[in-house]
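Chemist:
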Amino acid sequence: MQDRNHLARVKATHQVEVIENGLIDIPMLQILQSDGTLHPGASAPPLSQDVAVKILHTMQYIRILDERMIAAQRQGRISFYLACTGEEAAAVGSVAALSDQDMIMSQYREQGALAYRGYSTAQFMNQMFSNQLDPNKGRQMPIHYGDKALNFMTISSPLATQIPQAAGYAYGQKMAGNDAITICYFGEGAASEGDFHAGLNMAAVLNCPVVFFCRNNGYAISTPAEEQFAGDGIASRGIGYGIKTIRVDGNDVLAVYAATQEARRIAVEQRCPVLIEAMSYRLAAHSTSDDPSGYRSRDEEDKWRAKDPVARMIHWLDSQGWFDESQNSKWLEQSRQEVLAALKEAEKVPVNPIEDIVEDVYDSVPWHLSAQLEQLKSHIKKYPEVYPKTSGRVK
Amino acid sequence: MQDRNHLARVKATHQVEVIENGLIDIPMLQILQSDGTLHPGASAPPLSQDVAVKILHTMQYIRILDERMIAAQRQGRISFYLACTGEEAAAVGSVAALSDQDMIMSQYREQGALAYRGYSTAQFMNQMFSNQLDPNKGRQMPIHYGDKALNFMTISSPLATQIPQAAGYAYGQKMAGNDAITICYFGEGAASEGDFHAGLNMAAVLNCPVVFFCRNNGYAISTPAEEQFAGDGIASRGIGYGIKTIRVDGNDVLAVYAATQEARRIAVEQRCPVLIEAMSYRLAAHSTSDDPSGYRSRDEEDKWRAKDPVARMIHWLDSQGWFDESQNSKWLEQSRQEVLAALKEAEKVPVNPIEDIVEDVYDSVPWHLSAQLEQLKSHIKKYPEVYPKTSGRVK
Amino acid sequence: MARMNLLQAVNNALTIAMEQDERVMVFGEDVGHFGGVFRATSHLQEKFGKPRCFNTPLTEQGIIGFANGLAAQGAVPVAEIQFGDYIFPAFDQIVNETAKFRYRSGGQFSCGTLTIRTPYGGGIAGGHYHSQSPEAFFAHCPGLKIVIPRDPYQAKGLLLASIRDDNPVLFMEPKRLYRASVADVPEDDFELPLGKADLVQEGRDITLVGWGAQVEILQKAAQMSLQDGISCEVIDLRSILPWDRLMVAESVMKTGRLLINHEAPLTGGFASEIAAAIQEQCFLYLEAPIARVCGLDTPYPLAHEKEYMPDEYKTYEAIKRTMTY
Amino acid sequence: MARMNLLQAVNNALTIAMEQDERVMVFGEDVGHFGGVFRATSHLQEKFGKPRCFNTPLTEQGIIGFANGLAAQGAVPVAEIQFGDYIFPAFDQIVNETAKFRYRSGGQFSCGTLTIRTPYGGGIAGGHYHSQSPEAFFAHCPGLKIVIPRDPYQAKGLLLASIRDDNPVLFMEPKRLYRASVADVPEDDFELPLGKADLVQEGRDITLVGWGAQVEILQKAAQMSLQDGISCEVIDLRSILPWDRLMVAESVMKTGRLLINHEAPLTGGFASEIAAAIQEQCFLYLEAPIARVCGLDTPYPLAHEKEYMPDEYKTYEAIKRTMTY
Ligand SMILES: Cc1ncc(C[n+]2csc(CCOP(=O)(O)OP(=O)(O)O)c2C)c(N)n1
Ligand SMILES: Cc1ncc(C[n+]2csc(CCOP(=O)(O)OP(=O)(O)O)c2C)c(N)n1
Ligand SMILES: [Mg+2]
Ligand SMILES: [Mg+2]
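Protein chains in written order, with full-length UniProt numbering: chain C, 1 to 395; chain L, 1 to 395; chain D, 1 to 325; chain V, 1 to 325.
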């Protein structure tokens, strides 16, 4: 057995030194200025026109989807929705820097990542209407998307549970010998959970190729960041775990792209985790169940509205000669129509037949669940008017 | 409502900066050299002869207790024991710097702190023999001490649970308006638990006057520190939480004393947590159930044996003219006799009568537990030979 | 008397508790300035100051760990877990710590002053992470009390009793009744007893036992049964741990039949404990098997929520089956 | 055939599983080089390399979270929780994640390949943090399987089946039998079925049901009863979830009497589910109330461990009470 020395790297001092601010500054990467020009000294990451336009379109699409679905919720057509307004750059810019083989494990405010991967409007709608076309079979509340074909893990409500899972998933990818990594999104609020600590520490010790992507948007529902932690954001914790860390302006899609590209490169080449903290602001209400006017000022929101990531990207595309105002307007209008049409379509699709209620609890339906289903079916047959969603199809 | 800005202190950069080693060095405080002289530039904390001798005696006493109880376990007289050999300075030096009103919440390897507070040999023995004189009523395995009169919280086996509890306890002390604080001990292994993260973060945000004292002794049972975390020990995490942090040589009792004194001062005056990481080595086996020869070398152990904190302290006392070899030998012999005598005494004391089995589940015994007790008593009466510990006293 | 919904009753009880005992502190995710996502803690921070009513970081294990320490120190914590579905990260702190604190220390230290409030239950289109009824997970843990009110009056009286009881109490609030259930509630301080069930409705033929929002379901089913000439006795258990076996047993000795209803899945739900205990105690009185009308043994579904729920129709059918056994 | 104790049988099963499927990975606290605190994973790191058998940091919620992700990826994780008493920090990952992964994703993703091994139970002077029997906490959670072997032969066959079953399995090992129970075990690969109980001993008068280390207690009590002319049928449930109701019901229809024994506290223990289900299914066959011989409703005590345990004497007395009801 080789001798170990856990003090090998520790230096000595002979006065009581209280380390109050033991970090070197963790600066925030910014590339784009609000007017679409680059910061002095900054250079844009290598982006083709196609990719750049796809990024913009995805951000714009999500904003349309968010607006439309909030309205649909107000009209009582869906039960719940959760928008990412103001934060579109974080999810879209990051996923654009990944390979399609990379697994996405998200919190819930990353619909941009899913849209970028190719999730169709119809798919979004089927999930939100819990209808029988949803591959998740309508089992979860709206916005809990999941699509194996797109390597997008089904979302789970309990916060931060996906963080140690992402470490494990990435370990599995490494063992399987492919170059894919996992990206794991979460909020600065979720980073207070014990699972965050477990996940980051395990990923560091077990050398898991995972990019932890924290969206620090200043709030966890009503709780402001200053009541969530006392340190220098989430980035400072990465250092404590011995994880390479990048802080980025989450409203600057070029910066997010560049940071994620570098993080992915490191994760793949060095087989290790990387932490990204994207600084942004949740311009939206937490969800359709929330009203932020109870805990923050209009003024504060307006300051952030001025940092709109979509407008910033438009300015840049324009400066590249890649933006056509009228074409874009047409595209926006098309997208609105598409969303509206898909919504109406999905609304009409029924939920799964009742047999589905006992499926997927186990790999096959065990005898006791078959018995429960049979009892339920004969009950529904007796009271068809009480269970209108399924009674018409009970055999 | 006042505007908030969670980016107020963030600086910008325009190149992707991956922070790999974002910490300023967290140096380790050392005051005493192995030969008992002070490090150049170091000064000893203000210690009276009485306190200095009490510290030495407590460290020596614990070593005697540990030796004796390991032997007792081998002889089958107690079921389990856990020694702190090599780490005596950490618990004793730290508790000596506290007020008796301060609450101690420990992991399990801090018997030195308890002894320093005045826990008697008889009390140690009563706990370890689970007899009816143990104020914890013999309900837990040996070494799970607890004594309200000495402000020493009863130890709990599940690791790290005491960490958020210490934050809460300290918050209560602050609200009660007294100047007492809480000290919370734990190992570097326990610091991987989610409760560690929760406890430190909450203490930082809610300004709890608690000293978190991590004993980094290189191992968690067989798991070496390098398989426990990848960062710069536990101290580096304190920085991430915005907690003032001190690293100290855990085998240097003067350094531990000085560090804790300063930590306590800060906690009381600034109403905030402080983290101390004491670097040491678990010279003992993890417990009497463990055999370290399966996972580390003799050689490695020997290197650490040379850093014995007790010998170091003796050298220093000697240099102060406060150490009398022959008196000390006499004292050691006395202590050995005392331990031996108390052991024999405690062994003879019976366990609590059977009525005790249903006490303290609730504030008073509910009807269903009374009924279960009655049934149990009549059963014991029927089979007195099967339950020899209690049957003689069943009425 | 004032008209209050269940949320207002909870808020009113918290206000009174904080007024009367300055050691009472209320905390959890978003409970501070905002008053909680359901607004159960509205205005408490305003009235009693931030040190006594505050937001915590987002960590349930931390909230309960912190609360355990605070209780052991002598304060009176009322900790909120935002949804019952999110109580599981705190399971270790509750089951291994809260519940065993007093026992392991021989009564030297305890978490007796702790109350944990959490909304639970389905019927709000919440799917399996906003609908669970986790009472049975805790009912297997000696040292805890578990209390569930069925309406605003019960909520106020039971919550005040829970906060003042010298044992840790898990207080579960039926969230689908938060605004739906409105009743006259005394404005003054009052307590209702823990560990005692409440006889909601007398009857001769069968005893129906439930708690929380399901009591209403039992009452509806009892009403339906009346038309068949079946007279149901309805008992609200109120306390799941310790539970009032005496009242249930006495009722069953009278009626000879028992039905238990809960939203949680059948297997290992608390109905099983009631059935097991009552079949033992009332063996010679039972004229039919004890019936359990519960959730299916699946995660709580979204699209099929209505089908999943142990509603009045399923209950009514089970009553008839039991009567004609 | 080889003589093996229960630990060796577990080690042997793990070795075979790792040999046959390179996706199998074994990890947990101290399971690597050291081979686990009980040495159940001895030599696995040596044989299969560190990437496939490794120590984790000390975090149960992390171990299971990591394992869930690894399983979803397609690997076959066998995660160890060092003591059953320390599984509660992972409760959320198990109950909200492992168990619901497949359901919530409509079968797109699952943790089906996961096996969680953990030693459980008392009788080793471990007090309340090294003696708990937490099976009932998990038995209320659809989506999990729970398996408990009673001897080395069962341990090997059931563990191999658990690892290969496409559902998450909580595999609980009776630690007081680890070295105490020695038996002939086939050296080859073999599996025993999950979800099926095992008829240990036929009898006419009363059915005794238990699992794990308590099966031996039932056999001793059956032996004692023989002298009174009472013929006991002994069933080892083996799988707690889903459980073999059919075999138990058939036996009770024959004997007319049922006794269930477990170490965990009475209230809300799994015996309550068995009693509730069987009184329903076998109502007209029962000649006496179903008896439960279980731990007391207290934390697991140390000094009074012997008194606490549902031993053969208590079981024997309950058999007689049931026979003479
Ligand atoms: C374990 C758990 N606790 C509480 C909640 C309720 N909840 C849902 S979102 C949320 C705030 C999350 O904030 P953050 O992580 O910052 O993400 P953001 O909403 O800002 O994107 C809370 C408390 C939950 N879903 N899971
Ligand atoms: C929650 C929990 N998990 C596992 C254990 C088993 N266990 C007891 S001590 C120990 C190692 C602790 O190491 P460390 O915290 O470094 O303290 P040290 O023993 O080195 O003083 C382990 C894994 C436990 N007691 N509690
Ligand atoms: Mg946030
Ligand atoms: Mg250690």
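Quick reminder that beta carbons are idealized off the backbone N, C-alpha and C, glycines included.
Hey, is His201/L's beta-carbon within less than 8 Å of any beta-carbon in chain C?
Modeler: In the second sequence, counting from the first residue as 1, residue 201/L sits at position 201. Note that residue 201/L is Asn in the sequence shown, not His. It does; some Cβ of chain C falls within 8 Å.
Chemist: Using a threshold of 7 Å, is the CB atom of Arg237/L nearer than that to any non-hydrogen atom of ligand 2?
Modeler: Mapped onto the second sequence, residue 237/L falls at position 237. Result no, Cβ not under 7 Å from ligand 2.
Chemist: Just to be sure I understand the criterion: a residue counts if its Cβ is closer than 7 Å to at least one heavy atom of ligand 3. Which residues meet that?
Modeler: Those residues, listed in chain order, are Gly187/C, Glu188/C, Gly189/C, Arg215/C, Asn216/C, Asn217/C, Gly218/C, Tyr219/C, Ala220/C and Arg282/C.
Chemist: Following the continuous alpha helix (DSSP H) through Ser251/D, name the residue where it begins and the one where it ends.
Modeler: Counting from 1 along the third sequence, the entry for residue 251/D is found at position 251. Looking at the DSSP string, the run of the alpha helix (DSSP H) that includes Ser251/D is Arg245 to Thr255.
Chemist: In angstroms with no decimal places, state the Cα-to-Cα distance between Asp50/L and Pro57/V.
Modeler: Position 50 of the second sequence, counted from the start, is the residue given in the question as residue 50/L. Position 57 of the fourth sequence, counted from the start, is the residue given in the question as residue 57/V. So the alpha carbons of these two residues sit roughly 42 Å apart.
Chemist: Between the region 91–105 of chain D and chain L, which residues of the former have a C-beta closer than 7 Å to a C-beta of the latter?
Modeler: Cβ contacts with chain L come from Asp92, Gln93, Asn96, Glu97, Arg102, Tyr103, Arg104 and Ser105.
Chemist: With a threshold of 8 Å, are at least 3 pairs of Cβ atoms found where one atom belongs to the region 284–291 of chain V and the other to the region 103–120 of chain V?
Modeler: The region 284–291 of chain V is not in contact with the region 103–120 of chain V.
Chemist: List the residues that DSSP assigns as beta-bridge partners of Glu273/D.
Modeler: Counted from its first residue, the third sequence places residue 273/D at position 273. In the DSSP output, where bridge partners are listed per residue, Glu273/D has none listed.
Chemist: Residues of chain D with CB closer than 9 Å to the CB of Asp205/V, please, in chain order.
Modeler: Within the fourth sequence, residue 205/V is the residue found at index 205, counting from 1. The contacting residues do not exist; Asp205/V stays about 17 Å from chain D at best.
Chemist: If distances are taken between C-alpha atoms only, which option among Ala284/C, Pro27/C, Ala12/C and Ser34/C comes closest to Asp25/L?
Modeler: Taking the first residue of the second sequence as position 1, residue 25/L is located at position 25. Looking at the Cα atoms, Ala12/C is the closest of the given residues.
Chemist: What does Lys137/C touch in chain V if you count any residue whose Cβ is under 7 Å from its own?
Modeler: Here residue 137/C corresponds to residue number 137 of the first sequence, with the count starting at 1. The contacting residues are Gly106.
Chemist: Between Ile278/D and the rest of its own chain, which residues show a CB-CB distance below 7 Å, the 5 nearest in sequence each way excluded?
Modeler: For the purposes of this step, residue 278/D is identified with residue 278 of the third sequence, where counting begins at 1. Here the set comprises Val248, Ala249, Val252, Leu258 and Ile290.
Chemist: Kindly examine ligand 1 and report whether one of its heavy atoms sits closer than 7 Å to the Cβ of His286/C.
Modeler: As a working note, residue 286/C is residue 286 in the first sequence. For ligand 1, at least one heavy atom lies less than 7 Å from the Cβ of His286/C.
Chemist: Just checking my contact of Phe54/D with Gly32/D at CB under 8 Å: how many whole Å lie between their CB atoms?
Modeler: Working through the third sequence from its first residue, we reach residue 54/D at position 54. Working through the third sequence from its first residue, we reach residue 32/D at position 32. That belief holds up - the Cβ atoms of Phe54/D and Gly32/D are roughly 5 Å apart, short of 8 Å.
Chemist: Taking the CB atoms as reference points, tell me whether Val339/L and Arg68/L lie closer together than 8 Å.
Modeler: Translated into the one-based positions of the second sequence, residue 339/L becomes position 339. Translated into the one-based positions of the second sequence, residue 68/L becomes position 68. Yes; because the gap between Cβ atoms is below 8 Å, this pair is in contact.
Chemist: Taking the Cβ atom as the reference point for each residue, do Glu312/V and Met224/V lie within a distance shorter than 8 Å?
Modeler: One-based indexing of the fourth sequence puts residue 312/V at position 312. One-based indexing of the fourth sequence puts residue 224/V at position 224. In contact: Glu312/V and Met224/V (Cβ atoms closer than 8 Å).
Chemist: Please report the Cβ distance between Val96/C and Ile55/C, rounded to the nearest whole angstrom; I am assuming they are in contact, meaning their Cβ atoms lie under 8 Å.
Modeler: Position 96 of the first sequence, counting from 1, holds the residue named residue 96/C. Position 55 of the first sequence, counting from 1, holds the residue named residue 55/C. The sequence shown places Ala at residue 96/C, rather than the Val named in the question. That belief holds up - the Cβ atoms of Ala96/C and Ile55/C are roughly 5 Å apart, short of 8 Å.
Chemist: Regarding residue 397/C and ligand 1, is the C-beta to nearest heavy atom distance less than 7 Å?
Modeler: In the structure displayed, chain C extends from 1 to 395; residue 397/C sits before or after that span and is not available.
Chemist: If you count every other CB in all the chains shown that lies within 10 Å of the CB of Ala71/L, and 16 or more means buried, which is it?
Modeler: As a working mapping, residue 71/L is identified with position 71 in the second sequence. By the neighbour-count rule (16 or more Cβ atoms within 10 Å), Ala71/L is not buried but exposed.
Chemist: Beta carbon of Ser157/L: closer than 7 Å to some heavy atom of ligand 2?
Modeler: Start at 1 with the first residue of the second sequence, and residue 157/L comes out as number 157. Because some heavy atom of ligand 2 lies under 7 Å away, the Cβ of Ser157/L counts as near it: yes.
Chemist: Take Lys100/D and list the residues in its own chain whose beta-carbon comes closer than 8 Å to its own, dropping the five residues that flank it on each side.
Modeler: Residue numbering aside, residue 100/D sits at position 100 when the third sequence is read from its first letter. Within the same chain, Lys100/D has close Cβ partners Gly143.
Chemist: Given 7 Å as the limit, tell me if Arg109/C has its C-beta closer than that to any heavy atom belonging to ligand 1.
Modeler: Counting from one through the first sequence, the residue named residue 109/C turns up at place 109. The answer is yes for Arg109/C.
Chemist: Scan the region 274–351 of chain C and note each continuous alpha helix (DSSP H) run of 4 residues or more that stays entirely inside, going in chain order.
Modeler: Runs found: 298–305, 309–320 and 325–348.
Chemist: Is Phe171/V close to chain C, meaning its C-beta is less than 8 Å from at least one C-beta of that chain?
Modeler: For the purposes of this step, residue 171/V is taken as residue 171 along the fourth sequence, with counting starting at 1. No, no contact with chain C.
Chemist: Could you give the distance in angstroms between the alpha-carbon of Asp30/D and the alpha-carbon of Gly84/V?
Modeler: Working through the third sequence from its first residue, we reach residue 30/D at position 30. Working through the fourth sequence from its first residue, we reach residue 84/V at position 84. Between Asp30/D and Gly84/V, the C-alpha separation is close to 34 Å.
Chemist: Determine the DSSP secondary structure at Thr390/C, reduced to helix, strand or coil.
Modeler: Position 390 of the first sequence, counted from the first residue, corresponds to residue 390/C. Thr390/C: helix per DSSP, three-state reduction.
Chemist: Going by beta-carbon coordinates alone, are Ala166/L and Val205/L separated by less than 8 Å?
Modeler: Numbered from 1 along the second sequence, position 166 holds the residue referred to as residue 166/L. Numbered from 1 along the second sequence, position 205 holds the residue referred to as residue 205/L. Contact flag unset, no.
Chemist: With DSSP as the reference, identify every bridge partner of residue 343/D, one or two as the case may be.
Modeler: Coverage of chain D is limited to positions 1 through 325, which leaves residue 343/D absent and any answer about it impossible.
Chemist: Are there any heavy atoms of ligand 1 lying less than 7 Å away from the beta-carbon of Tyr81/C, as far as the coordinates show?
Modeler: Position 81 of the first sequence, counted from the first residue, corresponds to residue 81/C. False, no ligand heavy atom lies under 7 Å from that Cβ.
Chemist: Taking the continuous beta strand (DSSP E) assigned at Asn5/V, which residues delimit it?
Modeler: Translated into positions along the fourth sequence, residue 5/V becomes position 5. From DSSP, the beta strand (DSSP E) with Asn5/V extends over Ala2 to Asn5.
Chemist: Could you pull out every unbroken alpha helix (DSSP H) segment of at least 4 residues lying fully inside the region 185–234 of chain L, listed in chain order?
Modeler: Fully enclosed alpha helix (DSSP H) runs of 4 or longer: 194–205.
Chemist: Do you know offhand how far Ser64/C's Cα is from Phe80/C's?
Modeler: Within the first sequence, numbered from 1, the residue matching residue 64/C stands at position 64. Within the first sequence, numbered from 1, the residue matching residue 80/C stands at position 80. Contrary to the premise, residue 64/C reads as Ile rather than Ser in this sequence. Taking the straight line joining both Cα atoms gives about 16 Å.
Chemist: At least one CB of chain V closer than 8 Å to the CB of Ser272/D: is that the case?
Modeler: What you label residue 272/D is simply residue 272 of the third sequence in a count that begins at 1. Yes, its Cβ sits closer than 8 Å to a Cβ of chain V.
Chemist: Can you tell which of Pro77/D, Met4/D and Phe138/D has the C-alpha that lies nearest to the C-alpha of Met175/L?
Modeler: Counting from one through the second sequence, the residue named residue 175/L turns up at place 175. Residue Pro77/D is the option with its Cα nearest to Met175/L.
Chemist: Taking DSSP as the reference, what is the three-state secondary structure of Lys244/L?
Modeler: Looking up residue 244/L in the second sequence gives position 244. In this structure, Lys244/L counts as strand in the three-state DSSP scheme.
Chemist: Using only alpha-carbon positions, find the residue among Asn68/V, Gly127/V and Ile230/V that is nearest to Tyr171/C.
Modeler: The residue you call residue 171/C lines up with position 171 of the first sequence. Nearest C-alpha to Tyr171/C: Asn68/V.
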